[in-house]
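To start, the structure under review is shown below, and the notes come after it.
Residue numbers (my numbering), protein chains in the order written: chain A, 81 to 395; chain B, 79 to 393.
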């Protein structure tokens with residue numbers, strides 16, 4: 081019984097929660113005043129858009145691809161939200177729906193022509209950035225009032241971010257990990273050929289995952305604009321790397337469709353907090369990205385140790 | 079007879095990159111009514127040099143097989159450029175030690191990348207991405223955001239021209255020729271190709287797979303270091319975002335140049351063709367007087383189209 085509880089499998093599953101706890105405790109130790117509603121709100125302010133971007137990346141990683149254009153895409157969505165969605169909501173929504181369709185089409189193109197997703201999405205990052213510059217040549221625009229109202233809504237107990245992130249994580253968890261079609265979707269990452277032989281369409285699965293990624297990208301852009309109130313084409317470029325790091329921190333693997341939606345959201349929060357942690361430590365912001373890389377390597381090292389213990393035990 | 083020759087020529091995967099470059103060049107000078115045709119070509123040779131250097135390294139890495147890619151190239155360029163320029167401190171006498179330092183920086187990153195891949199058993203994409211965070215941060219912390227000027231002799235060398243042909247481009251064409259011989263005529267080069275085609279078979283024939291992978295990641299990082307060094311000389315100093323444009327460039331020149339993304343089939347001449355194509359493409363869009371937004375959109379669309387056409391020919 082005890083052996084089952086302390087098995088490497090459980091450890092691996094708990095690793096994302098563990099990293100988040102460690103960094104939270106460290107922050108509370110350095111700055112006890114952060115342990116309040118207001119403090120948590122400030123700390124986790126930007127966690128929601130990053131969590132959405134991370135979920136978008138996770139969808140693409142599930143089918144063994146990688147999206148290097150998600151940051152520019154979120155930036156474009158933010159620009160549309162701060163202009164069209166505010167001035168003419170109907171057209172704004174139409175554009176955003178078009179974005180999701182475009183993402184699905186991208187998935188179809190990558191699958192049908194057997195293209196390297198890295199190159200295609202990197203190329204698309206130019207496309208999105210260019211579109212964003214056309215929509216909003218200079219930083220500005222205005223977030224729609226309803227978006228602003230949702231993002232600054234004061235929930236009882238803990239900040240809105242925590243409720244929203246938990247809800248989304250659970251929703252995606254049940255959709256991908258517990259539903260019948262979720263197994264097929266993850267199976268495409270595990271063994272596309274056997275999924276195909278079992279009579280499922282790999283094309284449809286890929287389009288679904290890419291469209292989902294597009295949807296989460298839209299959510300990321302809208303929630304981001306609700307926090308920043310104005311937009312800029314370059315606003316989310318760093319999300320590309322952050323989202324990949326978040327998925328990996330959350331226990332996702334690059335091949336085999338092994339992903340964890342709850343872990344991905346926790347990973348995104350850990351990365352958001354890492355920045356605040358550094359400033360509390362009085363470490364210069366120069367090392368911000370370096371610290372994210374460092375956290376990534378430490379977590380991957382821990383996972384490698386766990387995997388090896390598991391391999392030894394099973395022998 | 080001539081038809082036969084033409085057929086063999088068109089069967090070469092690299093011919094398309096050169097044809098594309100030629101077409102784009104013709105379109106540009108048609109627009110300017112022949113003005114500046116020579117200058118454009120000369121500038122293209124100058125700027126393509128840098129993409130070609132890192133493209134060679136990336137090509138070796140990609141040829142190792144699916145999943146092999148070096149995402150740390152831009153960070154390594156920035157790091158090697160900043161460190162070498164700071165140590166040289168504009169003294170002409172330090173040019174050669176500076177070069178050694180830049181190459182050593184590259185080699186160190188390569189060691190580190192391979193160490194992560196090997197020790198943590200993580201996919202190269204994640205390993206090189208995590209290390210690029212650390213390397214980029216080191217460069218920022220070390221360079222302190224200043225543009226560090228190159229020594230005059232390096233600046234002169236990197237911008238020198240013989241009869242309008244950039245001297246540096248000639249050197250790198252030489253480098254490409256040497257690396258082509260290494261690829262097709264040495265045990266190491268043939269090992270890289272063999273591993274890309276079938277790592278298991280390569281292992282069974284007695285090829286030292288791990289050493290070959292190690293050498294390849296170090297080679298890629300060393301070339302990135304070299305590129306950072308000469309680019310610092312060419313562009314009037316090492317700046318902290320100088321690597322930014324080269325992530326797409328390093329991958330795109332390899333794929334557009336006709337190297338198989340699935341690994342196992344490398345193509346060196348194509349790298350030069352693709353590097354020229356990429357620069358001439360931007361020049362053409364600039365010449366047409368388009369705004370930044372439209373230019374980025376067209377760059378993205380053209381890259382995706384070219385990949386779709388080039389990547390679909392073989393699986």
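For every residue, glycine included, the Cβ atom is placed at its ideal position computed from N, Cα and C.
- Are the Cβ atoms of residue 322 of chain A and residue 162 of chain A separated by less than 8 Å? Within the first chain, the letter at position 242 stands for residue 322 of chain A. Within the first chain, the letter at position 82 stands for residue 162 of chain A. Result no, Cβ atoms of residue 322 of chain A and residue 162 of chain A do not sit closer than 8 Å.
Original post:
Hey, residue 157 of chain A and residue 176 of chain A: beta-carbon distance below 8 Å or not?
Top reply: Walking along the first chain from the start, residue 157 of chain A turns up at place 77. Walking along the first chain from the start, residue 176 of chain A turns up at place 96. A contact, by the Cβ cut-off of 8 Å.
Alpha carbon to alpha carbon, what distance is there between residue 180 of chain B and residue 266 of chain A?
Here residue 266 of chain A refers to the residue found at position 186 of the first chain. Here residue 180 of chain B refers to the residue found at position 102 of the second chain. Using only the alpha carbons, I get a separation of about 44 Å.
(request) Determine the direct distance from the alpha carbon of residue 256 of chain B to that of residue 471 of chain A, and round the result to whole angstroms. (result) The requested residue 471 of chain A is not part of the displayed model; chain A covers only 81 to 395.
Whose CA, out of A/311, A/183, A/106 and A/216, lies closest to the CA of residue 205 of chain A? Taking the first residue of the first chain as position 1, residue 205 of chain A is located at position 125. When each option's Cα is compared against that of residue 205 of chain A, the closest is A/183.
Taking its Cβ as the centre, do 16 or more other Cβ atoms sit within 10 Å of residue 115 of chain A, making it buried, or is it exposed? Here the question's residue 115 of chain A lines up with position 35 in the first chain. When all chains shown are included, residue 115 of chain A counts as exposed.
Taking the alpha helix (DSSP H) that residue 95 of chain A falls in, what are its first and last residues?
Residue numbering aside, residue 95 of chain A sits at position 15 when the first chain is read from its first letter. Segment 88 to 110, the alpha helix (DSSP H) holding residue 95 of chain A.
Notebook entry, point to check: So, using beta-carbon positions, are residue 172 of chain A and residue 154 of chain A closer together than 8 Å?
Noted result: Along the first chain, read from residue 1 onward, the residue named residue 172 of chain A stands at position 92. Along the first chain, read from residue 1 onward, the residue named residue 154 of chain A stands at position 74. Not a contact, by the Cβ cut-off of 8 Å.
_Determine, for residue 360 of chain A, whether the minimum Cβ-Cβ distance to residues of chain B falls below 8 Å._
Stepping through the first chain from its first residue, residue 360 of chain A is reached at position 280. By this cut-off, residue 360 of chain A is not an interface position.
*What in chain B is Cβ-close to residue 335 of chain A, meaning under 8 Å?*
Taking the first chain and counting its residues from 1, the one referred to as residue 335 of chain A is at position 255. Residues of chain B passing the Cβ test: 145 and 201.
- request: Please say whether residue 345 of chain A and residue 249 of chain A have beta carbons closer to each other than 8 Å?
  value: Counting from one through the first chain, the residue named residue 249 of chain A turns up at place 169. Counting from one through the first chain, the residue named residue 345 of chain A turns up at place 265. Cβ distance < 8 Å, so residue 249 of chain A and residue 345 of chain A count as in contact.
Notebook entry, point to check: For residue 216 of chain B, which residues in chain A fall below 8 Å Cβ to Cβ?
Noted result: Here residue 216 of chain B corresponds to residue number 138 of the second chain, with the count starting at 1. Simply 370.
Practice problem: Give the interface partners of residue 364 of chain A over in chain B, defined as CB-CB distance under 8 Å, in chain order. | Solution: Here residue 364 of chain A refers to the residue found at position 284 of the first chain. By Cβ distance, chain B contributes 219.
Quick check: what's the CA-CA separation for residue 90 of chain A versus residue 237 of chain B?
On the first chain, residue 90 of chain A is found 10 positions in, with the first residue counted as 1. On the second chain, residue 237 of chain B is found 159 positions in, with the first residue counted as 1. Approximately 59 Å, taken between the alpha carbons.
* Asked: Tell me which same chain residues have a C-beta within less than 7 Å of the C-beta of residue 93 of chain B, skipping the five on either side of it?
  -> Taking the first residue of the second chain as 1, we reach residue 93 of chain B at position 15. 87, listed in sequence order.
Contacts of residue 200 of chain A in chain B (Cβ-Cβ under 7 Å): Start at 1 with the first residue of the first chain, and residue 200 of chain A comes out as number 120. Under the 7 Å cutoff, chain B gives 382 and 385.
Practice task
Report the three-state DSSP secondary structure of residue 373 of chain A (helix, strand or coil).
Solution key: For the purposes of this step, residue 373 of chain A is taken as the residue at position 293 of the first chain. Of the three classes helix, strand and coil, the one that applies to residue 373 of chain A here is helix, per DSSP.
* Would you report the Cα separation of residue 136 of chain A and residue 320 of chain A, rounded to the nearest angstrom? -> As a first step, residue 136 of chain A is located in the first chain; it is residue number 56 there, counting from the start. As a first step, residue 320 of chain A is located in the first chain; it is residue number 240 there, counting from the start. Rounded to whole angstroms, residue 136 of chain A to residue 320 of chain A spans 10 Å at the Cα level.
Margin query: So, with DSSP's three-state summary, where would you put residue 310 of chain A?
Written below: On the first chain, position 230 is the one that residue 310 of chain A refers to. DSSP places residue 310 of chain A in coil when its eight states are reduced to three.
Query raised in the report: Bridge partners of residue 243 of chain B, per DSSP?
Result: The residue you call residue 243 of chain B lines up with position 165 of the second chain. Paired residue(s): B/240.
Could you tell me whether any Cβ in chain B is nearer than 8 Å to the Cβ of residue 119 of chain A? The residue labelled residue 119 of chain A in the question sits at position 39 within the first chain. With 8 Å as the cut-off, residue 119 of chain A does not count as an interface residue toward chain B.
*Quick one: using the 10 Å Cβ neighbour count with 16 as the cut-off for buried, is residue 226 of chain A buried or exposed?*
Position 146 of the first chain, counted from the first residue, corresponds to residue 226 of chain A. Looking at its Cβ environment, which holds fewer than 16 other Cβ atoms inside 10 Å, residue 226 of chain A is exposed.
- Distance, residue 311 of chain A Cα to residue 222 of chain A Cα: On the first chain, position 142 is the one that residue 222 of chain A refers to. On the first chain, position 231 is the one that residue 311 of chain A refers to. Straight-line Cα distance between these residues: approximately 7 Å.
Item to check | Segment limits, alpha helix (DSSP H) that includes residue 266 of chain A | outcome: Against the first chain, residue 266 of chain A aligns to sequence position 186. Note, residue 266 of chain A: alpha helix (DSSP H), 260 to 270.
- Query: Between the region 123 to 150 of chain A and chain B, which residues of the former have a C-beta closer than 7 Å to a C-beta of the latter?
  - Reply: 146
Under the three-state DSSP convention, the category residue 152 of chain A falls into = Along the first chain, read from residue 1 onward, the residue named residue 152 of chain A stands at position 72. DSSP places residue 152 of chain A in helix when its eight states are reduced to three.
field: Residue range of the alpha helix (DSSP H) that includes residue 102 of chain B
entry: The residue labelled residue 102 of chain B in the question sits at position 24 within the second chain. Segment 93 to 109, the alpha helix (DSSP H) holding residue 102 of chain B.
Practice problem: Select from B/233, B/349, B/318 and B/315 the residue whose C-alpha is nearest the C-alpha of residue 328 of chain B. | Solution: Taking the first residue of the second chain as 1, we reach residue 328 of chain B at position 250. Of the listed residues, the one whose Cα sits closest to residue 328 of chain B is B/349.
Q) Quick one: is residue 372 of chain B near chain A, going by C-beta distance under 8 Å? A) Within the second chain, the letter at position 294 stands for residue 372 of chain B. Yes - at least one Cβ of chain A is within 8 Å of the one on residue 372 of chain B.
Original post:
Quick one: what's residue 226 of chain B bridged to in DSSP?
Top reply: In the second chain, counting from the first residue as 1, residue 226 of chain B sits at position 148. Looking at the DSSP assignment, residue 226 of chain B forms a beta bridge with B/316.
Would you mind reading off the limits of the alpha helix (DSSP H) that contains residue 196 of chain B?
-> To locate residue 196 of chain B, count along the second chain from 1; it is residue 118. Here the alpha helix (DSSP H) through residue 196 of chain B covers 173 to 197.
Practice prompt. Determine whether the Cβ of residue 80 of chain B lies closer than 8 Å to any Cβ atom of chain A.
Written response: Your numbering for residue 80 of chain B matches position 2 in the second chain. Taking Cβ atoms only, chain A never reaches closer than 8 Å to residue 80 of chain B, which makes this a no.
Legend entry - Any chain E beta carbon closer than 8 Å to residue 193 of chain A: No chain E is present in this structure, whose protein chains are A and B.
State buried or exposed for residue 234 of chain B, treating a residue as buried only when at least 16 other CB atoms are found within 10 Å of its CB.
-> On the second chain, residue 234 of chain B is found 156 positions in, with the first residue counted as 1. Its Cβ having fewer than 16 others within 10 Å, residue 234 of chain B is exposed.
Item to complete: Go ahead and pull the three-state DSSP assignment for residue 237 of chain A.
Response: Taking the first chain and counting its residues from 1, one reaches residue 237 of chain A at position 157. If DSSP states are grouped into helix, strand and coil, residue 237 of chain A belongs with coil.
- Task: Ignore the nearest five residues each way along the sequence and tell me which others in residue 230 of chain A's own chain have a CB closer than 7 Å to its CB.
- Result: Sequence index remark: in the first chain, residue 230 of chain A carries index 150 (1-based). These residues qualify, in order along the chain: 306.
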